[in-house]
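*Asks:*
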Amino acid sequence: MILIAAGSNLHFCGLDSQDIVLRAFHALSRMSHLKIVSSLYETPAWPDPADPPFVNAAAAIETDMRPEALLAALHAIEAGFGRRRSERNAPRTLDLDLLAYHDIVQGEDEQGLVLPHPRLANRAFVLAPLTEIAPDWRHPVTGETAAALLAGADAAGVRKIT
Numbered sequence: 018m019i020l021i022a023a024g025s026n027l028h029f030c031g032l033d034s035q036d037i038v039l040r041a042f043h044a045l046s047r048m049s050h051l052k053i054v055s056s057l058y059e060t061p062a063w064p065d066p067a068d069p070p071f072v073n074a075a076a077a078i079e080t081d082m083r084p085e086a087l088l089a090a091l092h093a094i095e096a097g098f099g100r101r102r103s104e105r106n107a108p109r110t111l112d113l114d115l116l117a118y119h120d121i122v123q124g125e126d127e128q129g130l131v132l133p134h135p136r137l138a139n140r141a142f143v144l145a146p147l148t149e150i151a152p153d154w155r156h157p158v159t160g161e162t163a164a165a166l167l168a169g170a171d172a173a174g175v176r177k178i179t
């Protein structure tokens, strides 16, 4: 299973964060088979809750692209929605993360790709939508299911909006 997370907390060209996330998945569907997309969730911004809240979602896809090519495609979609990489955890128009690529476990490569995503297990804003679409997905390192990881995460403020 190939898993993608999306998040947005800034508007872009008249689009709000909900529209951006949905349109990003539509863009992804043009280069892969979009199997399932979660509901949208609103979550407080982190580390500064004074920033606008995020809209988050997750999707499972099928593609023949290798992980590095898929990551480059995700970055291209982000750029198309005005993503500028500045400081870490800053507000952004779009963030697309490659959470998992089947059962591949990989340390950082030259593109900075780590699989599965290194902070996936601690992020309720990722785990809530992931659990909705794939509750029995198992983390390839820990063996824990998405549902078990979510049960152990701080999900305060994570709210389904659609």
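To convert, note that position 141 of the sequence shown is 158 in this note's numbering; the numbers rise steadily by one, no gaps. Think of the CB as a built atom: it goes at the ideal place given N, C-alpha and C, for glycine as much as any other residue.
#1: Could you name each continuous alpha helix (DSSP H) segment of 4 residues or more that falls completely within the stretch 133 to 164, going from the start of the chain to the end?
#2: Is it right to say Gly24 is buried, meaning 16 or more other beta carbons lie within 10 angstroms of its own, or is it exposed?
#3: So what does DSSP say about Asp120, is it helix, strand or coil?
#4: Do you know whose CA, among Gly97, Thr148, Asp81, Val143, lies nearest Ile37's CA?
#5: So the candidates are Pro70, Asp120, Pro135; which of them puts its Cα closest to the Cα of Pro108?
#6: Please name the residue in Arg83, Ser49, Thr110, Tyr118 whose C-alpha comes closest to that of Asp68.
#7: With the cut-off set at 8 Å, would you say Asp77 and Ile150 are in Cβ contact?
#8: When the Cα of Gln128 is compared with those of Met18, Glu85, Ala74, which residue comes out closest?
#9: For Ala141, which residues of its own chain have a beta-carbon under 7 Å away from its beta-carbon, when the five flanking residues on both sides are left out?
#10: Just how far apart, CA to CA, sit Val54 and Ala138?
#11: In whole angstroms, what is the alpha-carbon distance linking Gly31 and Tyr118?
#12: Thinking Pro157 and Pro133 are a contact (beta carbons under 8 Å), I'd like their distance in whole angstroms, please.
#13: Is Val33 helix, strand or coil when you go by DSSP?
#14: For Ala75 and Ala22, what's the separation of their Cα atoms in angstroms?
*Replies:* So, from the data block:
#1: 141 to 150
#2: buried
#3: coil
#4: Gly97
#5: Pro70
#6: Thr110
#7: The question names Asp, yet the displayed sequence has Ala at residue 77. Yes; because the gap between Cβ atoms is below 8 Å, this pair is in contact.
#8: Glu85
#9: Leu167, Ala170, Asp171, Ala172, Val175
#10: 19 Å
#11: 33 Å
#12: 6 Å
#13: As written in the sequence, residue 33 is Asp, which differs from the Val given in the question. Coil.
#14: 4 Å
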